[in-house]
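Enquirer: Just passing along the structure, written as structure tokens.
Number of protein chains: 2
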Amino acid sequence: MGYNKKSNAELLALKEELAAQYAAYKASGAKLDLSRGKPETGQLDISNELLTNMTGDGDYISTDGFDCRNYGILDGLPEMKRIFSDLLGIPAENIIIGGNSSLNLMYDSIARFMIYGVLDQTPWAKLDKIRFLCPSPGYDRHFAILESMGIEMIPITLNSDGPDMDTVERLVSSDESIKGIFCVPKYSNPTGITYSDATVTRLASMSTKAKDFVIMWDNAYALHDLYEEGDVLLDILSESARFGNEDRVLYFTSTSKITLPGAGISMLASGKRMIDKIKQLIGVQTIGYDKINQLRHVKFLKDADNVRQIMKMHAAILRPKFNFALKSLKEQLDGLGIAEWSYPRGGYFISLDTMDGCATLVWNLAKEAGVTLTNVGATFPYGKDPRDRNLRLAPTYPSCEELKLIMDILCCCIKLASVEKLLAKQR
Amino acid sequence: MGYNKKSNAELLALKEELAAQYAAYKASGAKLDLSRGKPETGQLDISNELLTNMTGDGDYISTDGFDCRNYGILDGLPEMKRIFSDLLGIPAENIIIGGNSSLNLMYDSIARFMIYGVLDQTPWAKLDKIRFLCPSPGYDRHFAILESMGIEMIPITLNSDGPDMDTVERLVSSDESIKGIFCVPKYSNPTGITYSDATVTRLASMSTKAKDFVIMWDNAYALHDLYEEGDVLLDILSESARFGNEDRVLYFTSTSKITLPGAGISMLASGKRMIDKIKQLIGVQTIGYDKINQLRHVKFLKDADNVRQIMKMHAAILRPKFNFALKSLKEQLDGLGIAEWSYPRGGYFISLDTMDGCATLVWNLAKEAGVTLTNVGATFPYGKDPRDRNLRLAPTYPSCEELKLIMDILCCCIKLASVEKLLAKQR
Chain A
89 MGYNKKSNAE LLALKEELAA QYAAYKASGA KLDLSRGKPE TGQLDISNEL LTNMTGDGDY
149 ISTDGFDCRN YGILDGLPEM KRIFSDLLGI PAENIIIGGN SSLNLMYDSI ARFMIYGVLD
209 QTPWAKLDKI RFLCPSPGYD RHFAILESMG IEMIPITLNS DGPDMDTVER LVSSDESIKG
269 IFCVPKYSNP TGITYSDATV TRLASMSTKA KDFVIMWDNA YALHDLYEEG DVLLDILSES
329 ARFGNEDRVL YFTSTSKITL PGAGISMLAS GKRMIDKIKQ LIGVQTIGYD KINQLRHVKF
389 LKDADNVRQI MKMHAAILRP KFNFALKSLK EQLDGLGIAE WSYPRGGYFI SLDTMDGCAT
449 LVWNLAKEAG VTLTNVGATF PYGKDPRDRN LRLAPTYPSC EELKLIMDIL CCCIKLASVE
509 KLLAKQR
Chain B
89 MGYNKKSNAE LLALKEELAA QYAAYKASGA KLDLSRGKPE TGQLDISNEL LTNMTGDGDY
149 ISTDGFDCRN YGILDGLPEM KRIFSDLLGI PAENIIIGGN SSLNLMYDSI ARFMIYGVLD
209 QTPWAKLDKI RFLCPSPGYD RHFAILESMG IEMIPITLNS DGPDMDTVER LVSSDESIKG
269 IFCVPKYSNP TGITYSDATV TRLASMSTKA KDFVIMWDNA YALHDLYEEG DVLLDILSES
329 ARFGNEDRVL YFTSTSKITL PGAGISMLAS GKRMIDKIKQ LIGVQTIGYD KINQLRHVKF
389 LKDADNVRQI MKMHAAILRP KFNFALKSLK EQLDGLGIAE WSYPRGGYFI SLDTMDGCAT
449 LVWNLAKEAG VTLTNVGATF PYGKDPRDRN LRLAPTYPSC EELKLIMDIL CCCIKLASVE
509 KLLAKQR
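Residue numbers (the numbering used here), protein chains in the order written: chain A, 89 to 515; chain B, 89 to 515.
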């Protein structure tokens, strides 16, 4: 029976029962964490060969004869570009290889637009007000970049097929101060949805009042399927090229969750004109990124097919955790009318919505019972969840045993918070 | 006899002789390069162990128990900070470890000042005009950063003890638009001079009209002595702390010319307030730099004493090249009154001044004879050498045999250009 159907007496009785359960969890002194969207140790072990696969015996020479130990080669080794190109269907000449962090490439891109402007347009820092569309819930680190630079964020509802495109089109076509949109188009952080073909086409083709409008396309989970059959994302670069808009797209990904989060390889792609401009400015910023690590990755990853095999090994570790967490939510919360959650087919998160106004209470209860959750609001611009209901669950890092206890405590907290909320309403 | 003492007839005879020599060089079809300030292959081999020194057998765990393969640790491993701290006498808590490029850290620092301002001051991008002092000749990549961001560069004469401090003090004390100075304080690129204690103290203590004045302290050659007895540079961080100015200093170095230029470790240090602010903003830019490469470096470099031993190995390779180049200049040009050059005791360059108005001619002659020199003007703001006389010679990369031919061709070109110049004057 849904909690909202329960009488005051029933709720009070339930509260007593849940409070006792909760007290027991609290007394057990657990110290658990469901906030960390990072690979577990077993996943890191998949790539241990990366640490040892250089022999030093001349294998620091790239296929075109360059000694990668020395200065030189700004935009990445051709063999590293080839792997990303084959995996993502992006021409190698549209690709720049970066350092160990695609977030860093994103930050640097926005910083460049602030200082130099987009292509030949006015630097954003010279304009009175600039704004960005932020499909929400979304990735807190995207929002942090925008907030740090004083770029006003406009939340856009993220539906199951992507951002609310009617609103997006209405805003970008009429407001010149809107300079971009930040997207995680596949297995979105945190809701796990993948943009539909129609959404991608509308983003690629829409006309924007601002000539310097950019689409920050963070395809962090491009290859991160949990199940045999993965979601398929339309390629925005070729799609936008059909409309002459390819320079508007800045496409990012990395091997952070393919090889090693702390020591992977990142990538940026765009249209030719934008890539040429970015290369010119990166040439002022650095002499080159770490080419030895690119060689290590080329040796380890080998080719696109082998990368897909590696991703199956990650999925084999992660799938049971997601399945368990989802089963646990279903068994404990289904039909109670107090929570809804996503069923992601890839990525690193489950997104859960409590009843309105309950998320902070759940977070606090969980904290006191020893379970750290991602901060409430982190998935919204300015850290403010307007309905105080979204929780981002990250089941990848804890062990399976830990996960069992975490889910039990979490579900107990959600129930308890919901009962308290409903009782407060009845008063 | 000095060329300027020669009669017209003598000069014409000399010109004929030199032109014949030059024609022979040109006909030999040499293809040589004296422009690349980078280590030779033998120097790279010193660090080949870096490519193979990870075993993957648990050695990815830092001394404080962190798995460096995963996300985390923003400002660098304590053990990596320790090595820089011991080498440079900078407290570890004032150090941030970066990626493979200190140039990138410098660029990012200037970009941060543009976007966020220095500490709590107005972002530079919001100001009408900002200017920087540029001791010249200097490093072209410093100038390129400033030029790319529209920061006006004011050349300052670089003397044998550092920048002309009377001019520096006069300008910074009276002009609020002057926001900083770019320095290579030890074995300066390209003249090889080291700032005197008095210069460092004046930079550390001077009062500046701009509250947001910064000293970009690129100590790239901190450890790069050629001879047993190296130059000693006063520590600007402790010196400026005596005057409460430590947050004004941004101190950079890297292992690019200690281990591998393409895959080394960079470092940024400053006062506590500045470091805290930078950490906060780097925390928006990235989740962390490559910690596995930091671990590799810690294993390879071991400690400060061992780094100093490694630097002796580099010096043993470089010293004969510098000695040969300097001997060659002395034997072929001394007393002719047509060139002056530096006698560096460290670093990567010899700076040579031709007679005024001759450098471009020498460059062109050398080019046609198959010797690439660093572009004339590269060592000055906006690529403009006001006296058209400075040539930056980089003797590290060519082999000793190549270097012999290069120096012969170069000296021939300098003589020929000088004779032509003197003949033109007599007309």
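Every residue, glycine too, gets a C-beta built ideally from N, C-alpha and C.
1. Which chain B residues are close to Tyr195 of chain A, counting only those with a beta carbon under 9 Å from its beta carbon?
2. With 7 Å as the limit, tell me which residues of the region 135 to 149 of chain B have their beta carbon closer than that to any beta carbon of chain A; keep them in chain order.
3. I'd like the ranges of any beta strand (DSSP E) spanning at least 3 consecutive residues and lying wholly in the region 246 to 281 of chain B.
4. If distances are taken between C-alpha atoms only, which option among B:Leu406, B:Arg124 and B:Gly280 comes closest to Asn463 of chain B?
5. How far does the beta strand (DSSP E) with Ser224 of chain A in it extend, from its first residue to its last?
6. Say whether chain A places a C-beta atom closer than 7 Å to the C-beta of Lys523 of chain B.
7. Looking at C-alpha atoms only, which residue of B:Ile346, B:Leu348, B:Leu325 and B:Ala351 is the closest neighbour of Ala357 of chain B?
8. What did DSSP end up calling Asp285 of chain A once you bin it into helix, strand or coil?
9. Shorter than 7 Å from the beta carbon of Asn452 of chain B to some beta carbon of chain A?
10. Please determine, among B:Leu191, B:Leu193, B:Ser190 and B:Ala213, the residue with the shortest C-alpha to C-alpha distance to Phe201 of chain B.
11. Check each residue of the region 222 to 240 of chain A: if its Cβ is closer than 7 Å to any Cβ of chain B, include it; give the result in chain order.
12. Give the interface partners of Ala351 of chain A over in chain B, defined as CB-CB distance under 8 Å, in chain order.
13. Confirm, please, whether the CB-CB distance from Lys297 of chain A to Ser248 of chain A is below 7 Å.
14. Give me the chain A residues within the contact set of Ser189 of chain B, using Cβ-Cβ distance strictly less than 7 Å, ordered along the chain.
15. Whole angstroms are fine: how far does the CA of Trp305 of chain B sit from the CA of Leu321 of chain B?
16. Identify the continuous alpha helix (DSSP H) that holds Ala232 of chain B and give its terminal residues.
17. In whole angstroms, what separates the C-alpha of Met89 of chain A from that of Gly423 of chain A?
18. Run down chain A in chain order and give the residues with a C-beta less than 7 Å from the C-beta of Ala199 of chain B.
19. Using beta-carbon positions only, say whether His312 of chain A and Tyr339 of chain A come within less than 7 Å of one another.
20. For the region 326 to 369 of chain B, list the beta strand (DSSP E) runs that are entirely contained and at least 3 residues long, ordered along the chain.
21. Run through the DSSP bridge pairs and tell me what Pro243 of chain A is partnered with.
22. Excluding five sequence neighbours on each side, which residues of the same chain lie with their C-beta closer than 6 Å to the C-beta of Met168 of chain A?
23. Just to confirm the assignment, what range does the beta strand (DSSP E) spanning Glu428 of chain A have?
24. Tell me whether Val507 of chain B sits in a helix, a strand or coil according to DSSP, three-state version.
25. Could you work out which residue in B:Asp300, B:Gly445, B:Phe270 and B:Leu175 is closest to Pro469 of chain B when comparing CA atoms only?
26. Return yes when the Cβ of Pro251 of chain B is within less than 7 Å of the Cβ of Ile242 of chain B, no when it is not.
27. Would you please verify whether the beta carbon of Ala53 of chain B is less than 7 Å from any beta carbon of chain A?
28. Measuring only the C-alpha atoms, how far is Ile239 of chain B from Asp147 of chain B?
29. In its own chain, which residues sit with a C-beta less than 7 Å from the C-beta of Ile161 of chain A, not counting the 5 before and 5 after it?
30. Trp451 of chain B to Glu490 of chain B, Cα distance in whole Å?
31. Under 8 Å between beta-carbons, which chain B residues line up against Pro251 of chain A? List them in chain order, please.
32. Just the C-alpha distance for Ile149 of chain A and Arg157 of chain A, rounded to the nearest angstrom, thanks.
33. With 7 Å as the threshold, decide whether the Cβ of Leu498 of chain B is near any Cβ in chain A.
34. Name the residue from B:Tyr204, B:Val337, B:Ser506 and B:Arg515 whose alpha carbon lies nearest to the alpha carbon of Ala107 of chain B.
35. For the beta strand (DSSP E) containing Asp441 of chain B, list its first residue and its last residue.
36. Apply the 10 Å Cβ neighbour rule to Asn141 of chain A and answer buried if 16 or more other Cβ atoms are within range, or exposed otherwise.
Expert: Let me spell this out:
1. Taking a Cβ-Cβ cut-off of 9 Å, the neighbours of Tyr195 of chain A in chain B comprise Val372, Gln373 and Thr374, given in sequence order.
2. Identification of residues in the region 135 to 149 of chain B having a C-beta nearer than 7 Å to some C-beta of chain A yields Asn136, Leu139, Thr140, Met142, Thr143, Gly144 and Tyr148, given in sequence order.
3. Those beta strand (DSSP E) runs which fall completely within the region 246 to 281 of chain B and span 3+ residues are 266 to 271.
4. Proximity to Asn463 of chain B across B:Leu406, B:Arg124 and B:Gly280 peaks at B:Arg124, based on C-alpha coordinates.
5. Counting along the chain, Ser224 of chain A sits inside the beta strand (DSSP E) bounded by residues Arg219 to Ser224.
6. The question about residue 523 of chain B has no answer here: the residues shown for chain B are numbered 89 through 515.
7. Cα-wise, what sits closest to Ala357 of chain B is B:Leu325.
8. Here Asp285 of chain A sits in helix by DSSP.
9. Asn452 of chain B does not count as touching chain A.
10. Nearest C-alpha to Phe201 of chain B: B:Ala213.
11. Residues of the region 222 to 240 of chain A that bring their beta carbon within less than 7 Å of a beta carbon in chain B comprise Ala232, Ile233, Ser236 and Met237, in sequence order.
12. The CB of Ala351 of chain A comes closer than 8 Å to the CB of Cys156, Arg157, Asp378, Lys379, Ile380 and Asn381 in chain B, given here in chain order.
13. Not in contact: Ser248 of chain A and Lys297 of chain A (Cβ atoms no closer than 7 Å).
14. For a Cβ distance threshold of 7 Å, residue set Thr374 and Ile375 of chain A lies close to Ser189 of chain B, ordered along the chain.
15. When rounded, the distance between both Cα atoms is 12 Å.
16. Per DSSP, Ala232 of chain B is one residue of the alpha helix (DSSP H) stretching across Asp228 to Ser236.
17. Answer to the nearest angstrom: the Cα atoms are 7 Å apart.
18. In chain order: Ala199 and Ile203.
19. Remark: C-beta atoms of His312 of chain A and Tyr339 of chain A do not approach each other more closely than 7 Å.
20. Counting only unbroken stretches of 3 or more residues, the beta strand (DSSP E) elements lying wholly within the region 326 to 369 of chain B are 337 to 342 and 354 to 357, in sequence order.
21. A:Cys222.
22. Only residues of its own chain outside the window of five on either side were considered, and among them Ile185, Gln382 and Val386 have a CB closer than 6 Å to the CB of Met168 of chain A, listed in chain order.
23. That run of the beta strand (DSSP E) goes Ala427 to Trp429.
24. Three-state result, Val507 of chain B: helix.
25. Nearest C-alpha to Pro469 of chain B: B:Phe270.
26. No, Cβ-Cβ distance for Ile242 of chain B and Pro251 of chain B is not below 7 Å.
27. This structure leaves residue 53 of chain B out entirely; chain B is present only between 89 and 515.
28. Between the C-alpha atoms of Ile239 of chain B and Asp147 of chain B there is a straight-line separation of about 45 Å.
29. Phe154, Gly376 and Lys379, listed in sequence order.
30. So the two alpha carbons sit approximately 18 Å from each other.
31. Those do not exist, as Pro251 of chain A stays about 23 Å from chain B at its closest Cβ, beyond 8 Å.
32. Approximately 8 Å, taken between the alpha carbons.
33. So no, Leu498 of chain B is outside the interface.
34. Nearest Cα to Ala107 of chain B within the set B:Tyr204, B:Val337, B:Ser506 and B:Arg515: B:Ser506.
35. In this chain, the beta strand (DSSP E) harbouring Asp441 of chain B covers Ile438 to Thr442.
36. Buried, because 16 or more other Cβ atoms sit within 10 Å of the Cβ of Asn141 of chain A.
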